[in-house]
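To start, the structure under review is shown below, and the notes come after it.
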Amino acid sequence: MLTGIRVSVSRTNAKLDRPLTDEDFEAKQKSTFDIAGNELVPSAKYDFKFKDYAPWVFRHLRALFRLDPADYLMSLTGKYILSELGSPGKSGSFFYFSRDYKYIIKTIHHGEHKFLRKILKDYYNHVIDNPNTLLSQFYGLHRVKMPYGKKIHFVVMNNLFPPHKDIHTTFDLKGSTIGRDYREEDLEKNPRATLKDLNWLRRKRHLELGLQKRQLFLQQLQNDVKLLQKLKIMDYSLLIGVHDLQKGNEENLRDKTLQVFNPGGAGQSDDGPDPHQVLMRTPSKLESARKARELRQMVKAERPVPMRQTSDRMPDELAEGHSRGGVFYNDDGGLRATHEDNTAGEEVYYLGVIDCLTHYGMIKKLEHFWKGLSSDRTQISALPPEEYGDRFLKFMSGITVSPEEAARDQGDRVAAAAATSPSTVQGQAHPPMPTYLPPAPPEMRSPGSPEPNPIVEKALRLATKREKDIAEEEQIPERKITTSSAPPNGRTNSHTVLPVVEESAEAASLGGRSRGESTTEPRPFTPSPRERQDGFTDLGPHGIGGRGPPTPPKTSYIEPVKARLSREDLEKALPPLPGQ
1 MLTGIRVSVS
11 RTNAKLDRPL
21 TDEDFEAKQK
31 STFDIAGNEL
41 VPSAKYDFKF
51 KDYAPWVFRH
61 LRALFRLDPA
71 DYLMSLTGKY
81 ILSELGSPGK
91 SGSFFYFSRD
101 YKYIIKTIHH
111 GEHKFLRKIL
121 KDYYNHVIDN
131 PNTLLSQFYG
141 LHRVKMPYGK
151 KIHFVVMNNL
161 FPPHKDIHTT
171 FDLKGSTIGR
181 DYREEDLEKN
191 PRATLKDLNW
201 LRRKRHLELG
211 LQKRQLFLQQ
221 LQNDVKLLQK
231 LKIMDYSLLI
241 GVHDLQKGNE
251 ENLRDKTLQV
261 FNPGGAGQSD
271 DGPDPHQVLM
281 RTPSKLESAR
291 KARELRQMVK
301 AERPVPMRQT
311 SDRMPDELAE
321 GHSRGGVFYN
331 DDGGLRATHE
341 DNTAGEEVYY
351 LGVIDCLTHY
361 GMIKKLEHFW
371 KGLSSDRTQI
381 SALPPEEYGD
391 RFLKFMSGIT
401 VSPEEAARDQ
411 GDRVAAAAAT
421 SPSTVQGQAH
431 PPMPTYLPPA
441 PPEMRSPGSP
451 EPNPIVEKAL
461 RLATKREKDI
471 AEEEQIPERK
481 ITTSSAPPNG
491 RTNSHTVLPV
501 VEESAEAASL
511 GGRSRGESTT
521 EPRPFTPSPR
531 ERQDGFTDLG
541 PHGIGGRGPP
551 TPPKTSYIEP
561 VKARLSREDL
571 EKALPPLPGQ
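Going by my numbering, the sequence shown opens with residue 1, and the numbers climb by one from there.
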């Protein structure tokens with residue numbers, strides 16, 4: 001990867017700059033290399049092939065993002081590369097970092113690679129019109145292929161998190177609530193895990209940006225989402241890394257979460273080759289082949305090691321020229337929290353919109369249909385681009401408030417709810433459940449109405465579901481189990497005892513007695529069976545001696561039968577009655 005980037009970028013930057021043409025967005029360059037990084041002819045036996053896509057377009061993009069070509073090459077062509085400990089992300093992509101932690105090399109699927117090439121022109125025009133864009137900054141699109149191996153596509157992007165600051169908490173927010181929760185009990189095993197929407201709401205977090213920076217942030221976010229909606233992109237999220245200034249770097253999290261891959265780097269200095277060896281003779285083909293064999297074996301045997309086991313350390317100060325351009329990266333590489341009174345907060349936010357290459361195709365449409373069968377369609381992650389973007393903007397505008405403003409709006413809502421429908425339990429006022437909801441921005445509220453943001457309201461309702469369930473369980477009325485035995489009257493089983501389950505409220509409605517207990521007014525008995533003039537025996541509705549009023553005869557079907565059959569036929573067809 002690094003060798004191909006070095007050769008392709010150097011080849012493009014060595015030429016005079018020129019305006020872009022439509023053919024530049026479809027251009028691609030192929031190169032063939034051996035293990036030592038020497039470029040070969042196409043027909044030679046190679047160790048890997050490298051392909052560079054739209055090199056001139058990405059050269060202009062790097063210039064728009066104010067990257068120095070020399071610094072870019074120095075960062076990506078060092079002797080070692082950094083990677084994160086643990087497994088790849090949910091999408092299956094692997095992340096690698098440049099030696100100065102400034103750039104990310106991310107592997108992508110073939111479909112994402114094709115989609116990026118398709119939207120590259122729209123993305124380029126958007127960056128020209130929005131120099132402070134929050135979208136991921138793409139610096140290069142490449143492909144590498146090993147002999148008899150699969151093709152690996154990858155992009156070079158900006159790293160949102162700085163090299164000189166520990167990130168104490170990380171959030172990935174989409175504005176969705178279905179499946180957007182990291183279990184709190186799992187944080188003990190993985191305290192550096194990326195939290196999600198429900199974790200943010202449960203902690204009652206805020207993006208305290210102040211009035212001016214909040215307006216700039218929401219306006220830029222709206223412009224970026226419009227582009228994503230136009231390109232039919234969804235499933236993106238806002239990545240937020242929070243650095244606590246009070247904690248600082250005392251935990252040294254970077255050395256614990258990063259590992260170094262540096263084949264043959266043990267005992268070597270980073271000062272470069274010995275200047276006295278530059279004028280030495282060119283090695284012969286046999287020497288080059290021998291060194292290539294040794295390097296292949298070294299690469300196969302080498303394994304990444306945790307950074308704390310090496311002599312290399314991450315810096316404690318931001319190097320000159322490392323900070324990215326834009327208003328959202330001016331405060332020590334990020335965005336300093338600002339209180340309502342315009343005073344600086346104790347946190348620094350490092351944020352941006354990531355995962356911007358998911359097209360709303362057939363797979364996502366099927367996911368939207370399938371998850372919508374069992375969950376709220378407005379809260380699932382897979383939504384059409386228009387709906388996804390609107391929900392994303394409403395959610396982000398609802399959480400970018402100060403705690404003071406959220407507390408005031410919460411007090412207004414609680415007071416309004418208490419004035420309209422106060423809840424009482426046994427004559428005493430029942431305290432309302434905590435209903436913290438970040439308010440909607442002014443343009444989304446009706447005049448004089450403190451109604452909360454509907455997107456955040458739904459999300460918080462699910463986040464506080466556990467608290468509400470506990471409160472409802474405390475109000476369940478008590479139940480007691482009693483037994484009721486039928487009175488012995490010679491016709492029923494006097495030993496039968498049936499359990500009766502009743503609630504306290506139900507017993508109160510019966511005057512404090514249970515079912516089956518005798519009352520002051522005895523219930524009249526049904527008359528005993530009697531002989532009728534036609535010879536039939538009249539039975540009660542519950543059999544002989546049963547209680548209750550007699551059932552009226554169903555003449556609609558009995559009389560026609562009696563008309564067709566004689567008494568002898570009826571006696572043969574019907575079973576004998578008791579007592580006969």
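Virtual Cβ for every residue (Gly too), placed ideally from N, Cα, C.
CA nearest to the CA of residue 99, picked from 109, 73 and 119: The residue labelled residue 99 in the question sits at position 99 within the sequence shown. Here the closest residue by C-alpha is 73.
Under 8 Å between C-beta atoms of residue 356 and residue 83: Mapped onto the sequence shown, residue 356 falls at position 356. Mapped onto the sequence shown, residue 83 falls at position 83. Not in contact: residue 356 and residue 83 (Cβ atoms no closer than 8 Å).
Collapsed DSSP secondary structure at residue 95 in the structure displayed: The sequence position of residue 95 within the sequence shown is 95, counting from 1. Strand at residue 95.
Close Cβ partners of residue 62 (< 6 Å) along its chain, the five nearest in sequence each way excluded: Residue numbering aside, residue 62 sits at position 62 when the sequence shown is read from its first letter. Counting only Cβ-Cβ distances below 6 Å, and skipping sequence neighbours, we find 139.
Contacts around residue 54, its chain only, beta-carbon distance under 8 Å, and the 5 residues preceding and following it disregarded: Counting from 1 along the sequence shown, the entry for residue 54 is found at position 54. Taken in chain order, the residues that qualify are 24, 25, 26, 27, 28, 117, 120 and 141.
Residue 359 and residue 232 closer than 8 Å at C-beta: In the sequence shown, the residue the question calls residue 359 occupies position 359. In the sequence shown, the residue the question calls residue 232 occupies position 232. Result yes, Cβ atoms of residue 359 and residue 232 sit closer than 8 Å.
Separation of residue 151 from residue 143, as counted between CA atoms: If you number the sequence shown from 1, residue 143 lands on position 143. If you number the sequence shown from 1, residue 151 lands on position 151. For residue 143 and residue 151, the distance between alpha carbons rounds to 7 Å.
Validate contact between the stretch 385-398 and the stretch 216-229 using beta carbons, cut 8 Å, 3 pairs: yes
Proximal residues to residue 17 (C-beta, below 6 Å), its chain only, five neighbours per side dropped: By 1-based counting over the sequence shown, the position of residue 17 is 17. Closer than 6 Å at Cβ, skipping near neighbours: no residue.
Whole-number beta carbon distance between residue 199 and residue 181, since they are thought to touch under 8 Å: Residue numbering aside, residue 181 sits at position 181 when the sequence shown is read from its first letter. Residue numbering aside, residue 199 sits at position 199 when the sequence shown is read from its first letter. 6 Å between Cβ atoms; contact.
Same chain only: Cβ atoms within 6 Å of residue 229, ignoring 5 sequence neighbours per side: Here residue 229 refers to the residue found at position 229 of the sequence shown. 385, 386 and 389, listed in sequence order.
Cβ-Cβ separation, residue 295 to residue 35 (assumed contact under 8 Å), whole Å: Position 35 of the sequence shown, counted from the first residue, corresponds to residue 35. Position 295 of the sequence shown, counted from the first residue, corresponds to residue 295. About 5 Å separates the two Cβ atoms, so the contact holds.
Nearest-angstrom Cα separation, counted from residue 45 out to residue 346: In the sequence shown, residue 346 corresponds to position 346, counting from 1. In the sequence shown, residue 45 corresponds to position 45, counting from 1. Pairing residue 346 with residue 45, the inter-Cα distance amounts to about 58 Å.
Bridge partner(s) assigned by DSSP for residue 350: Locating residue 350 in the sequence shown gives position 350, where the first residue counts as 1. Its beta-bridge partners are 241.
Local Cβ density within 10 Å of residue 201, reported as buried at 16 or more and exposed below that: Here residue 201 refers to the residue found at position 201 of the sequence shown. Buried, because 16 or more other Cβ atoms sit within 10 Å of the Cβ of residue 201.
Through-space distance from residue 13 to residue 247, alpha-carbon basis: Within the sequence shown, the letter at position 247 stands for residue 247. Within the sequence shown, the letter at position 13 stands for residue 13. Rounded to the nearest angstrom, the two C-alpha atoms are 43 Å apart.
Neighbourhood of residue 203 by C-beta distance below 6 Å, restricted to the same chain and skipping five residues each side: What you label residue 203 is simply residue 203 of the sequence shown in a count that begins at 1. For residue 203, where only same-chain residues beyond five positions count, there are no Cβ hits under 6 Å.
Given 8 Å, three or more beta-carbon pairs between the stretch 240-259 and the stretch 166-174: yes
Residue 389, enclosing alpha helix (DSSP H) - first and last residue: The residue you call residue 389 lines up with position 389 of the sequence shown. Note, residue 389: alpha helix (DSSP H), 385-399.
Reference residue 153; option with closest CA among 192, 306, 214 and 50: For the purposes of this step, residue 153 is identified with residue 153 of the sequence shown, where counting begins at 1. Minimum Cα distance to residue 153 is reached at 50.
Selection from 156, 93 and 343 that minimises the alpha carbon distance to residue 104: Along the sequence shown, read from residue 1 onward, the residue named residue 104 stands at position 104. Here the closest residue by C-alpha is 156.
Exposure of residue 43, with buried meaning 16 or more beta-carbon neighbours within 10 Å: For the purposes of this step, residue 43 is taken as the residue at position 43 of the sequence shown. That one is exposed.
Coarse secondary structure for residue 305, derived from DSSP in three states: The residue given as residue 305 occupies position 305 in the sequence shown. If DSSP states are grouped into helix, strand and coil, residue 305 belongs with the strands.
Alpha-carbon spacing of residue 106 relative to residue 130, whole angstroms: Locating residue 106 in the sequence shown gives position 106, counting from the first residue. Locating residue 130 in the sequence shown gives position 130, counting from the first residue. Using only the alpha carbons, I get a separation of about 24 Å.
Exposure of residue 166, with buried meaning 16 or more beta-carbon neighbours within 10 Å: Residue mapping note: residue 166 aligns to position 166 of the sequence shown, counting from 1. So residue 166 counts as buried.
N- and C-terminal bounds of the alpha helix (DSSP H) containing residue 109: Taking the sequence shown and counting its residues from 1, one reaches residue 109 at position 109. Premise fails: residue 109 is in no alpha helix (DSSP H) and is neither H nor E.
Enclosing alpha helix (DSSP H) for residue 224 [first to last residue]: The residue labelled residue 224 in the question sits at position 224 within the sequence shown. Segment 210-230, the alpha helix (DSSP H) holding residue 224.
Rounded C-alpha distance that separates residue 328 from residue 38: Within the sequence shown, numbered from 1, the residue matching residue 328 stands at position 328. Within the sequence shown, numbered from 1, the residue matching residue 38 stands at position 38. So the alpha carbons of these two residues sit roughly 41 Å apart.
Assigned secondary structure, residue 366 (DSSP; H/G/I helix, E/B strand, else coil): Residue mapping note: residue 366 aligns to position 366 of the sequence shown, counting from 1. Reduced to three states, the DSSP call for residue 366 is helix.
Sequence-distant residues of the same chain with beta carbon closer than 7 Å to residue 208, five excluded per side: Locating residue 208 in the sequence shown gives position 208, counting from the first residue. The residues are 337, 338, 339, 345 and 402.
Where residue 246 sits in the DSSP three-state scheme: As a first step, residue 246 must be located in the sequence shown, where it is residue number 246. Reduced to three states, the DSSP call for residue 246 is coil.
Sub-8 Å separation of residue 406 and residue 206 beta-carbons: If you number the sequence shown from 1, residue 406 lands on position 406. If you number the sequence shown from 1, residue 206 lands on position 206. Against a cut-off of 8 Å, the Cβ pair of residue 206 and residue 406 comes out as a contact.
Outcome for residue 196 when other beta-carbon atoms lying within 10 angstroms are tallied against a minimum of 16: Within the sequence shown, residue 196 is the residue found at index 196, counting from 1. Residue 196 comes out buried.
Beta-carbon separation (whole angstroms), residue 326 vs residue 132, contact threshold 8 Å: Mapped onto the sequence shown, residue 326 falls at position 326. Mapped onto the sequence shown, residue 132 falls at position 132. Rounded, the Cβ-Cβ distance is 4 Å, consistent with contact.
8 Å CB neighbourhood of residue 375 in its chain, flanking five on each side removed: Counting from one through the sequence shown, the residue named residue 375 turns up at place 375. The answer, listed in chain order, is 178.
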